[in-house]
Amino acid sequence: MFKMKMFKSFVLVFMAEHIHWSIATKCGLNQITIIQNRSEHCVDCVQCPKGMGSIPQCGSFLTRNTTVTCKACVKGVSYSESHDHTSCKQCRICVENEEVIKNCTATSDGECGECKPGYYRSFVFSCVKCSPCCQDTQEDDVEPQCLKQGFSRDRACRYTGRNCGGMKPTSMNSMVFKSTASQELEKSNIPLPYIIGLMVFVFVVFVLALLVIFLMYRVYGAGKGNRSRVILRLQDQYDNNDNVHLSSQVELGKPLVHQTKL
1 MFKMKMFKSF VLVFMAEHIH WSIATKCGLN QITIIQNRSE HCVDCVQCPK GMGSIPQCGS
61 FLTRNTTVTC KACVKGVSYS ESHDHTSCKQ CRICVENEEV IKNCTATSDG ECGECKPGYY
121 RSFVFSCVKC SPCCQDTQED DVEPQCLKQG FSRDRACRYT GRNCGGMKPT SMNSMVFKST
181 ASQELEKSNI PLPYIIGLMV FVFVVFVLAL LVIFLMYRVY GAGKGNRSRV ILRLQDQYDN
241 NDNVHLSSQV ELGKPLVHQT KL
């Protein structure tokens, strides 16, 4: 609790001092304010030529007497393109794999262009290499910037850091991807029509295999049913023959059973 009160007191004192300095400040934007013993005086900034900047920066608040001077900008690091009281500005630095249109000098800023061929600009403004697509890559993973550069759809995916070499196919997607089962196949760059033809051939062979199995089953099942029907017919014929034989015996006056009268 005590520490919290001390913190609040410090904040209030700091704000009060800051407000006092702000209200009491009479120096302009082209001046530097020197504060000593709660009193202040203003020092004019100097006008620096191109390639040089004011030190210290105009509008600064200092607590000691300071010599205001011009300092040369560092080539490739800072620049000043006008004759004024401003300090040197930081050069624009092109990111990796970004085209450099113009290098930064002491009197002008650098200029950057688009990402180099084979790269695309990511959402963090870095240039990332267009990558081959994996077997399970979705449509949303294809980068339009890579397609505009002429990359095929199987080589225009965003970089994910995955090693797709040797990955087995897991599903059929709306996109047709190049097989990456081996390094040689990846380098061969097989045309898309050949890949589609191979897929159709495999599908036809699979359907024909199912058809052959079905026909064999039908033939085997039909043969088994025919054998059952033949056995039943033979059994019926045998029973009919017995009945005919018995009927013949009765007609000839030969009783089948000798009855005993009680």
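79 is the number that full-length UniProt numbering gives to position 79 of the sequence shown; each next residue is one higher, with no gaps. Idealized CB from N, CA, C, for every residue including glycine. Values in this document were obtained by computation on a predicted structure and should not be read as measured data.
Is the beta carbon of residue i less than 7 Å from the beta carbon of residue j?
i           : j           : result
residue 103 : residue 116 : no
residue 58  : residue 41  : no
residue 53  : residue 88  : yes
residue 69  : residue 55  : yes
residue 121 : residue 110 : no
residue 154 : residue 134 : no
residue 101 : residue 113 : yes
residue 66  : residue 35  : no
Beta-carbon within less than 7 Å of residue i's beta-carbon, same chain only, minus the 5 sequence neighbours each way: which residues are those?
i           : result
residue 156 : 130, 142, 143, 146, 147
residue 108 : 79, 81
residue 73  : 51, 52, 53, 79, 80, 88, 106
Grab me the residues of residue i's own chain with a C-beta within less than 8 Å of its C-beta, minus the 5 sequence neighbours each way, in chain order.
i           : result
residue 82  : 50
residue 31  : 42, 43, 44, 45, 58, 59
residue 125 : 95
residue 90  : 77, 78
Grouping DSSP H, G and I as helix and E and B as strand, with all else coil, what is residue i?
i           : result
residue 217 : helix
residue 195 : helix
residue 72  : strand
residue 61  : strand
residue 26  : coil
residue 94  : coil
residue 89  : strand
residue 145 : helix
residue 204 : helix
residue 212 : helix
residue 45  : coil
residue 154 : coil
residue 81  : coil
residue 33  : strand
residue 51  : coil
Which term fits residue i, buried or exposed, when burial requires 16 or more other beta carbons within 10 angstroms of its beta carbon?
i           : result
residue 201 : exposed
residue 128 : buried
residue 193 : exposed
residue 206 : exposed
residue 123 : exposed
residue 22  : With a pLDDT of only 44 at residue 22, under 50, the local geometry of the prediction cannot be trusted, and the value read off the model is given with reservation. So residue 22 ends up on the exposed side.
residue 151 : buried
Keeping to the same chain, check which residues put their C-beta closer than 6 Å to that of residue i; ignore five residues upstream and five downstream.
i           : result
residue 160 : none
residue 48  : 54, 70
Query raised in the report: Hey, which unbroken runs of the beta strand (DSSP E) at 3 residues or more fall wholly within the stretch 96-141?
Result: Counting only runs of 3 or more, we get 98-102, 111-115, 119-121, 127-129.
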